[in-house]
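Only one structure is covered here, and it is reproduced in the block below.
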DNA sequence: TCCAAAACAAGAGCACTGCTCTCTGTGGAA
DNA sequence: TTCCACAGAGAGCAGTGCTCTTGTTTTGGA
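Chains as they are written, first to last, in this note's numbering: chain A, 1 to 248; chain B, 249 to 496.
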């Protein structure tokens with residue numbers, strides 16, 4: 001009689017299958033370390049194999065190609081960033097919408113600074129073939145999902161009054177088709193546009209800093225960079241979730 | 249007696265020197281075509297040499313390394329983008345600040361769509377060694393210079409009233425050190441911050457679209473993408489150059 | 001005018017990459 | 001116990017950036 005065997009474990013993995021998932025994990029983990037150190041361009045399947053004491057051709061039993069390995073790392077990066085952002089946002093009182101947005105923004109930036117190559121991998125120029133594989137789109141939505149929650153709460157708390165929301169041009173409305181499916185209907189189009197702009201500003205700020213566009217523009221000291229970034233986030237939040245002023 | 253010889257040509261280049269500049273140009277031009285077609289990662293010095301009918305080692309007489317070749321292409325890209333933006337802005341009446349900003353933004357986006365690999369090269373993750381060489385910083389300022397002009401004109405035209413400008417926190421003020429040197433003193437810190445945010449939003453929008461972050465977010469049709477983008481630019485301009493509302 | 005020095009092109013070669021193919025041994029299910 | 005799919009090793013292909021050596025051509029100064 002099998003003891004302590006949960007339903008999930010029912011189809012017990014054989015020793016070989018077990019070794020397989022373990023080795024796959026080891027490959028991805030080693031690759032992640034190499035990526036963090038040398039960047040996506042210098043990620044070598046052969047080097048990973050070497051470090052694991054196997055020959056390069058053996059790795060191909062576990063990973064179809066170098067690009068697929070990068071795809072796995074992209075997924076891991078999206079997940080790590082999403083987790084960091086969620087954790088930061090959870091520490092802030094849900095009623096303070098500005099603080100929540102700022103917390104998410106700062107978490108994204110902090111993660112990017114700590115993992116520059118991983119950040120470049122997901123938000124920089126796409127390295128592998130152009131089309132991002134399907135598997136990456138789900139984890140990629142974690143941070144945007146947080147932001148959508150803030151938008152919805154702004155409406156729920158009455159900070160943003162949908163009744164006072166201006167309409168958006170028909171062509172713009174049509175452009176929002178796909179994202180509308182992921183956002184509650186109570187959030188008006190105007191606020192969706194604001195949210196997308198806020199998200200673009202956030203990623204724009206982090207990418208520009210990360211990719212060196214702020215050289216000779218902002219001071220290099222970490223504390224000053226942080227001050228500017230936080231100020232920009234605060235301003236962005238302020239023009240995003242507030243009820244729009246009536247246009248005279 | 250030499251005829252029709254301008255002063256600039258006075259130190260006549262020898263046949264060899266002439267051939268040298270010509271061949272260097274040919275190398276860069278061929279590389280530019282390869283870059284546009286296959287992307288920075290696939291730019292091969294050997295392939296360029298092959299197309300020019302020479303052996304790979306010969307190219308090293310003209311270009312120190314592959315990374316230096318990429319640097320030359322970066323400079324060319326910055327210049328081409330800057331020229332496109334300047335041309336677009338020149339077509340708009342100088343008094344219409346919003347139209348000028350929108351024109352610049354649309355020009356940047358249009359150029360990015362037309363030259364995706366070049367755009368990725370300058371605003372995506374840095375491919376060569378991390379430090380951007382000195383030669384690239386000058387051409388990189390062409391587009392920001394246009395935006396600074398719009399900020400200054402907003403003050404000059406009284407659209408933005410410096411007297412009503414709120415101060416910025418001391419730490420933020422300090423962070424602006426380098427960029428302040430490039431902006432007229434009549435533009436207050438508050439407007440500088442707004443300008444940097446607008447620039448970040450603009451690049452964020454273009455990069456996200458270019459790097460696939462708007463998949464499953466915005467409709468794919470070009471006309472709808474354009475409508476959203478223009479709307480976002482208009483809104484960005486509106487919150488940038490207007491005199492800030494008095495905070496109650 | 002002549003000659004050494006500099007510039008040039010070519011080729012071989014090194015160390016590396018991604019990836020494929022073939023071969024051998026072994027683990028695990030039937 | 002048998003058999004086969006799978007794992008690993010090794011060789012090999014085509015390509016890369018870059019260096020070094022070997023002849024050749026051009027150039028500028030004596």
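Idealized CB from N, CA, C, for every residue including glycine. Keep in mind the model is a prediction, meaning the values are calculated, not measured.
Along chain A, which residues have their Cβ under 9 angstroms away from the Cβ of residue i?
i	result
residue 361 of chain B	Under the 9 angstroms cutoff, chain A gives no residues; its nearest Cβ is about 14 angstroms from residue 361 of chain B.
residue 368 of chain B	124, 125, 126
residue 484 of chain B	197, 201
residue 336 of chain B	Those do not exist, as residue 336 of chain B stays about 20 angstroms from chain A at its closest Cβ, beyond 9 angstroms.
I'd like the list of long-range same chain contacts for residue i, defined as Cβ closer than 6 angstroms, with 5 residues on each side in sequence excluded.
i	result
residue 366 of chain B	325
residue 327 of chain B	387
residue 491 of chain B	408, 409, 412
residue 402 of chain B	345, 408, 489
residue 224 of chain A	none
residue 46 of chain A	56
residue 233 of chain A	102, 105
Excluding the five sequence neighbours on either side, which residues of its own chain have a C-beta within less than 7 angstroms of the C-beta of residue i, listed in chain order?
i	result
residue 461 of chain B	none
residue 296 of chain B	275, 278, 279, 282, 307
residue 133 of chain A	71
residue 316 of chain B	none
residue 479 of chain B	none
residue 416 of chain B	437, 438, 441
residue 356 of chain B	329, 333, 391, 450, 454
residue 173 of chain A	189
residue 44 of chain A	none
Please list the partners that residue i has in chain A, where partner means a Cβ-to-Cβ separation under 7 angstroms.
i	result
residue 290 of chain B	None at all; the shortest Cβ gap to chain A is about 11 angstroms.
residue 451 of chain B	204, 208
residue 420 of chain B	227, 228, 231
residue 397 of chain B	Ordered by position in chain A, no residue passes the 7 angstroms Cβ test against residue 397 of chain B, which lies about 16 angstroms from the chain.
residue 472 of chain B	171, 174, 175
residue 487 of chain B	239
First and last residue of the alpha helix (DSSP H) that includes residue i?
i	result
residue 393 of chain B	390–404
residue 357 of chain B	345–362
residue 326 of chain B	314–338
residue 458 of chain B	437–458
residue 224 of chain A	222–241
residue 434 of chain B	Where residue 434 of chain B is concerned, there is no enclosing alpha helix (DSSP H), given that its DSSP letter is neither H nor E.
residue 272 of chain B	263–286
residue 178 of chain A	177–180
residue 292 of chain B	Element bounds for residue 292 of chain B: n/a, residue is neither H nor E.
residue 306 of chain B	304–307
Below 8 angstroms on C-beta distance, what does residue i contact in chain A?
i	result
residue 385 of chain B	215, 216
residue 405 of chain B	Here the premise fails: no neighbours, minimum Cβ distance about 20 angstroms.
residue 413 of chain B	Per Cβ cutoff of 8 angstroms: no residues; residue 413 of chain B is ~13 angstroms from chain A at best.
residue 426 of chain B	216, 217, 218, 219
Going along chain B in order, which residues have a C-beta closer than 7 angstroms to the C-beta of residue i?
i	result
residue 76 of chain A	Simply none; closest approach about 17 angstroms.
residue 169 of chain A	475, 479
Ignore the nearest five residues each way along the sequence and tell me which others in residue i's own chain have a CB closer than 8 angstroms to its CB.
i	result
residue 369 of chain B	283, 288, 318, 321, 322, 325, 375
residue 147 of chain A	101, 104, 195, 198, 199
residue 364 of chain B	458
residue 383 of chain B	319, 323
residue 251 of chain B	Any reading at residue 251 of chain B must be qualified, since the residue scores a pLDDT of 38, below 50, and its modelled position is unreliable; the value itself is stated next. No residues qualify anywhere along the chain.
residue 256 of chain B	In this prediction, residue 256 of chain B has a pLDDT of 37, which is less than 50 and means its spatial position is unreliable; nothing more can be read from the coordinates.
residue 258 of chain B	The predicted model places residue 258 of chain B with a pLDDT of 34, which falls under 50 and marks its position as unreliable; any figure quoted below should be read in that light. Here the set comprises nothing.
residue 152 of chain A	183, 184, 186, 187
Report the neighbours of residue i on chain B: residues whose CB is nearer than 9 angstroms to its CB, in chain order.
i	result
residue 101 of chain A	In chain order: nothing, as chain B lies at least about 14 angstroms away.
residue 193 of chain A	476, 479, 480, 483
Under 8 angstroms Cβ-Cβ, which residues of chain B neighbour residue i?
i	result
residue 65 of chain A	Neighbours of residue 65 of chain A on chain B: none; closest Cβ ~15 angstroms, over 8 angstroms.
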